[in-house]
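K.L.:
Structure provided below as structure tokens; questions to follow.
Residue numbers (our numbering), protein chains in the order written: chain A, 1 to 340; chain B, 1001 to 1340.
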């Protein structure tokens, strides 16, 4: 290389380094632009800085940086009904077509009637019958194809947008920020593991192997050509709610998280388990108190809670007592959705 | 910067790049130095090159690069008895001390007698009783502490070395080679998931969240100070052998592997499942045919197989029929252990 070329190469390298430093500095000044300044944002930023700065007394080695997130109501909208329940209800006509004798049997009869009020009033046992009929009995690949198709077409009734567009922008920023700082981000959901895995990677940047959810057994078998496949069985291996969350985390991850985000009593044990570990641990709860931009439910709000968990007054008191940070959607979030 | 400094910086950069290229080239010439040239080594190297070279028709995107490995007999010695069974037998005196009434009850009585022949003859049901008594009923942390202590002290009777030193060097090279090429390496073992997780990271470079094994349920609870903990329950969630291996892979990883290594009929379904995927897939079986350097068992050899799986003549024929590569320890491995 001639001297001029060398000078050019060196110049480009210095410029590139300067640009990288500038980009880094800008990222450090605000990794969470959709958050208002306040105790919630402060708690996240301080925790991340303390645990990822080499030499800090609360430094966490990269291999141990595990962050777990509830999904429904924590990463995306759960009101008025979990999107997976919408999926199951939408699948009922196809199930009845394959088994016409179900048309006059409850709860399928009520679902087919389309009477929303009656459907909303179905007891839990009937809901389980619908889940079993629509989530099991087919091959893993067939389920995945059907769920992929549905999630790309179905729309939330209020915003008229795909459910995957109803993720909370501030939480997407937290996921990204944690990953940039070496945290492995996991979804730990009461929802079906196979269902969430269908869209987790493109929706949250979380690969299927980092989705822990309620999981049924599968059965290995062969098709007529001898090709092996797995069939989804109506046998629950993990009910990933309440105590099932720490149990599921142990089963699937085998490490106690350093970070956990939830929004209901269904997440309480995951937050307790997270905080019970040594060193710095972060536990946060999303409070739905923004009736205008999203919904307001939980303590002191009119709307009923969703069926599995609830943000009760007791949970609120527990959070205050245990040092969990409550995130007010109304006060802490500058923006809620990316499309706004 | 002055011109001389710039020239110096540019020179250093050029030198560094040259060194990196040289290192890469050297790695490419032999990533598997403990393997003799032959069909097995060739199959591995060709598979890795084909699936990780951008533009190759069989290129596999990094996110989908999943490689699964059986442990006992595939990554380390399983003869004459699985090390986890040794652990359980060694724990029996402590269990009987805590519950003296077991001293005169079978199979504990036989284990306490120390009569090796009688112990080896215990039926499967009795073995399960020993596993349940020694692997469950304590907290996850207590089990982990006991297993960690044992694995650091216990020694294999033939080589008089810790079990963790009895891993196969050629397989360690395969793990490392695959990881360098962007594959995520998983252990998929019939052994206990909690047991293997205790040493997997420092023994194989495989973190606990990438260990899939036979797994029992846990129960969430609180100690007298209100601190939460998990108790290991005698309830089997996943029997990770035979059909349980693909079922466990779906449960814990959610992706069909591109690579699978095994050594017995207990791995057959994992290999079938791996090969059933589209594109390039690699399935390999370790054949123990080296009585001198390790052991010889399986087809046409005198020693009995281990209890869970076996390398039967039928498995050998299946491998030939399905295009799985059989690794002869005697012919394909230049060295077996790192300490040799």
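C-beta: ideal position from N, C-alpha, C; glycine also.
Which ranges would you report for the beta strand (DSSP E) in the region 1186–1235 of chain B if only whole runs of at least 3 residues count?
P.N.:
1211–1222, all fully within the region 1186–1235 of chain B.
K.L.:
Let me know the secondary structure DSSP gives residue 1184 of chain B once reduced to three states.
P.N.:
Of the three classes helix, strand and coil, the one that applies to residue 1184 of chain B here is strand, per DSSP.
K.L.:
Could you have a look at residue 34 of chain A and say whether DSSP puts it in helix, strand or coil?
P.N.:
It is coil, neither helix nor strand.
K.L.:
Can you have a look at residue 344 of chain A and say buried or exposed, based on whether 16 or more other CB atoms are within 10 angstroms of its CB?
P.N.:
Because chain A is modelled from 1 through 340, residue 344 of chain A falls outside the range shown and cannot be assessed.
K.L.:
Which residue or residues does DSSP assign as beta-bridge partners of residue 67 of chain A?
P.N.:
The partner list for residue 67 of chain A (beta bridge, DSSP) reads A:185, A:259.
K.L.:
Along chain B, which residues have their Cβ under 9 Å away from the Cβ of residue 252 of chain A?
P.N.:
Ordered by position in chain B, the residues that pass the 9 Å Cβ test against residue 252 of chain A are 1209, 1251, 1252.
K.L.:
Taking C-beta pairs closer than 7 Å, name the residues in chain B that residue 140 of chain A reaches, listed in chain order.
P.N.:
What residue 140 of chain A touches in chain B: 1250.
K.L.:
Pairs of beta-carbons, one from the region 226–238 of chain A and one from the region 28–36 of chain A, closer than 8 Å: are there three or more?
P.N.:
Counting Cβ pairs under 8 Å, fewer than three are found: no touch.
K.L.:
Residue 1317 of chain B and residue 1040 of chain B - do their beta-carbons sit closer together than 7 Å?
P.N.:
Cβ atoms of residue 1040 of chain B and residue 1317 of chain B: not closer than 7 Å.
K.L.:
I want to see whether chain A comes within less than 7 Å of residue 1227 of chain B, judged by CB atoms only; does it?
P.N.:
So, interface residue.
K.L.:
For chain A, is any of its Cβ atoms less than 7 Å away from the one on residue 1122 of chain B?
P.N.:
No, residue 1122 of chain B does not count as interfacial toward chain A.
K.L.:
Over the uninterrupted alpha helix (DSSP H) stretch that includes residue 102 of chain A, give me the two end residues.
P.N.:
Residue 102 of chain A -> no alpha helix (DSSP H), and no H or E assigned at all.
K.L.:
Beta strand (DSSP E) containing residue 1326 of chain B: first to last residue?
P.N.:
Start and end: 1325–1328.
K.L.:
Could you please give me the residues that DSSP links to residue 1296 of chain B through a beta bridge?
P.N.:
In the DSSP output, where bridge partners are listed per residue, residue 1296 of chain B has B:1289.
K.L.:
To the nearest angstrom, how far is the alpha carbon of residue 1174 of chain B from that of residue 1044 of chain B?
P.N.:
Between residue 1174 of chain B and residue 1044 of chain B, the C-alpha separation is close to 8 Å.
K.L.:
Have a look at the DSSP bridge pairing and note the partners of residue 139 of chain A.
P.N.:
Note: residue 139 of chain A sits in a beta bridge opposite A:231.
K.L.:
Using the C-alpha atoms, what's the distance from residue 187 of chain A back to residue 201 of chain A?
P.N.:
Going from the Cα of residue 201 of chain A to the Cα of residue 187 of chain A covers about 11 Å.
K.L.:
Roughly how many whole angstroms lie between the Cα atoms of residue 136 of chain A and residue 1286 of chain B?
P.N.:
Rounded to whole angstroms, residue 136 of chain A to residue 1286 of chain B spans 36 Å at the Cα level.
K.L.:
Taking DSSP's pairing of strands, which residues face residue 1133 of chain B in a bridge?
P.N.:
BP columns for residue 1133 of chain B are empty, so no partner.
K.L.:
Going by DSSP, name the residue or residues bridged to residue 322 of chain A.
P.N.:
DSSP output for residue 322 of chain A lists no bridge partner at all.
K.L.:
Which of the three DSSP states, helix, strand or coil, is assigned to residue 155 of chain A?
P.N.:
Strand at residue 155 of chain A.
K.L.:
Can you name the residues of chain A whose CB is closer than 9 Å to the CB of residue 1247 of chain B?
P.N.:
Within 9 Å Cβ-Cβ: 217, 218, 219, 220, 230.
K.L.:
If we ignore side chains and look at the alpha-carbon of each, how far apart do residue 248 of chain A and residue 212 of chain A end up?
P.N.:
If I take the Cα positions, the gap works out to 7 Å.
K.L.:
Classify residue 1158 of chain B: buried if its beta carbon has 16 or more other beta carbons within 10 angstroms, exposed otherwise.
P.N.:
By the 10 Å Cβ count, residue 1158 of chain B comes out exposed.
K.L.:
Cβ atoms of residue 260 of chain A and residue 270 of chain A: under 7 Å apart, would you say?
P.N.:
Yes, the pair counts as a contact, with Cβ atoms nearer than the cut-off.
K.L.:
Do the region 144–155 of chain A and the region 206–220 of chain A meet, that is, are 3 or more Cβ pairs less than 8 Å apart?
P.N.:
No, the region 144–155 of chain A is not in contact with the region 206–220 of chain A.
K.L.:
At least one CB of chain A closer than 7 Å to the CB of residue 1180 of chain B: is that the case?
P.N.:
By this cut-off, residue 1180 of chain B is not an interface position.
K.L.:
Does the contact criterion of 3 or more C-beta pairs under 8 Å hold for the region 1234–1250 of chain B versus the region 1158–1172 of chain B?
P.N.:
They do not touch, by the three-pair rule.
K.L.:
Using a Cβ cut-off of 7 Å, which residues of the region 257–290 of chain A contact any Cβ in chain B, in chain order?
P.N.:
If the cut-off is 7 Å between Cβ atoms, the region 257–290 of chain A has 269, 272, 273, 276 near chain B.
K.L.:
Between the beta-carbon of residue 1126 of chain B and the beta-carbon of residue 1107 of chain B, is there less than 7 Å?
P.N.:
Yes, these two residues count as a Cβ contact at 7 Å.
K.L.:
Using a Cβ cut-off of 7 Å (strictly closer), state whether residue 1243 of chain B contacts chain A.
P.N.:
For residue 1243 of chain B, the answer is yes, since a Cβ of chain A falls inside 7 Å of its Cβ.
K.L.:
Against residue 1063 of chain B, what residues of chain A qualify as contacts under a CB-to-CB distance less than 7 Å, listed in chain order?
P.N.:
Per Cβ cutoff of 7 Å: 207.
K.L.:
For residue 333 of chain A, list the residues DSSP reports as bridge partners.
P.N.:
Residue 333 of chain A is bridged to A:35.
K.L.:
Taking DSSP as the reference, what is the three-state secondary structure of residue 238 of chain A?
P.N.:
If DSSP states are grouped into helix, strand and coil, residue 238 of chain A belongs with the strands.
K.L.:
Just verifying my parser: in three-state terms, what is the DSSP assignment at residue 62 of chain A?
P.N.:
The answer is helix: DSSP assigns residue 62 of chain A an H, G or I state.
K.L.:
Which same chain residues end up closer than 7 Å to residue 1097 of chain B when comparing Cβ atoms and leaving out the 5 residues on each side of it in sequence?
P.N.:
Hits under 7 Å: none found.
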